[in-house]
Amino acid sequence: MLWAPKLSLSNIHVRLTAKGLLRIQLLSGCRKNTVVFQTVDRSKPKASSWQQTPQQPKTLPSQANGPPDVVPGNASSGQRRCQSIQQLKGLLAESNCRFEALAVVLQHWMAKQWGSPACTPVAEVDHGLYWQQRVCWHSLCWREVCSVQSSELLEKEKEELQVSLEDALQKLQEQHQKDLVHLEQRLQAFYQAEWDKVHQSYQEEADKCKFLMQQQTEELTARHKAMKQEQEKNHSEQLDGLKQQYKISLEELSISYKHQLQDLEKDMKETEAALSSQIEELNVQNQALLEKLNAEENRRKSAEKSQVRDSHTLYLEQELDSLKVVLDIKNQQLHQQEKKLMELEKLVR
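Residue 7 is where the sequence shown starts when you use our numbering, and the numbers rise one by one after that.
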């Protein structure tokens, strides 16, 4: 009865560590499993496995699909039951581990005590310790049976709870879907009503703006017509004034032009008379100079013939040359006066 399943003394190695822990390792050829437990002190009372604080199991995740405000009360109770199931599973695993460790220690101790054939087990084993070990063994067996029954009961409750939670989840999903459809219909109706209100208000504002624009357009048209008539009137008045000023200035310019023309004609006649007298005088002088020149030339010819050259002849020759120069100058002046006279005639014309 003291032998654990799948374990024997031939493949178990037991050693005490420095911290007072007993580490059981499986040798080669068996499962690699290590069980760590504390050594039993006979002077101290044995602590019950139910008094030890189990590890806090992980809580179940909340529903990801459903909203947080529609979870019923049985979901929280189911979560607490799942937590209790996880705690009981942890306690069961811990008690199983301790039971296996105690069985291994008892086997090792019995192998040491009863291993040699010379000694008798009943003679050398203390009866108090023997009965204490048997009591511990029976208590562990009873705890194991209770743990198995409680684990089976908890598994059954877990399955029932899982089925109920799935049904509740399905109902919640259906209710959530119905709520979504109803909410969508309400939102659609609300938004339709709001859209109708906004559209009506927009239409009213558009009509108001249209009416105001028509009024402003009529006012601007009337104002534009009045301004146009006023500007046309001012323009016609300015045009009449400019025409009158132009007529007056044109008459003044024509009168001044006539006076200037008369003055120019008078000046031209006076200049023409003066130039005519100058031309006549120049013609007379030119004729006299020509006669004098001819006389001098005849005299020079006669002098050349006589080949008599004196100082008076030389003087006469010089005088003749100077007269030629003066004659040329007078001819040039005469030509200039004629040009001026022709220009004055062109201006008069």
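By construction, the Cβ of each residue, glycine as well, lies at the ideal position given by its N, Cα and C atoms.
All of these numbers come straight from a predicted model, not from anything done at the bench.
One alpha carbon belongs to Q183, the other to L167, and they sit about 24 Å apart. For the pair K336 and Q291, the CB atoms are nearer than the 8 Å cut-off. Just so you know, the alpha carbons of L267 and E303 end up roughly 51 Å apart. By a beta-carbon distance limit of 8 Å, L288 contacts Q339. Their separation comes to about 7 Å.
K239 and A279 have their alpha carbons spaced roughly 59 Å apart.
Just so you know, the alpha carbons of N102 and L189 end up roughly 54 Å apart. Three or more Cβ pairs closer than 8 Å define a contact, and the stretch 90-98 meets that threshold against the stretch 149-163.
As the crow flies, the alpha-carbon of K307 is around 20 Å from that of V331. Contact between L329 and K298 holds: their C-beta atoms lie close to 7 Å from each other, under 8 Å. Separation of the CB atoms of L322 and T277 is rounded to 39 Å, and the pair is thereby denied contact status at 8 Å. Distance from the CA atom of Q198 to the CA atom of H205, rounded to whole angstroms, is 10 Å. The Cβ neighbour count for S242, taken over all protein chains shown within 10 Å, is under 16; the residue is labelled exposed.
Taking the CA atoms as reference points, F217 sits about 40 Å from Q244.
Taking the C-beta atoms as reference points, I261 is found no nearer than 8 Å to Q343. L295 is positioned such that its CB atom lies closer than 8 Å to that of L333.
Taking C-beta atoms as the reference points, M274 and V354 count as a pair closer than 8 Å.
The beta carbons of S153 and L98 sit about 4 Å from each other, so the pair counts as a contact at 8 Å. Looking at the backbone, the Cα of D213 and that of Q191 are separated by about 32 Å. Scanning its chain for C-beta atoms nearer than 7 Å, with the 5 sequence neighbours on each side dropped, one finds no residue around H230.
Our two residues, R305 and D327, have alpha carbons roughly 14 Å apart in a direct line.
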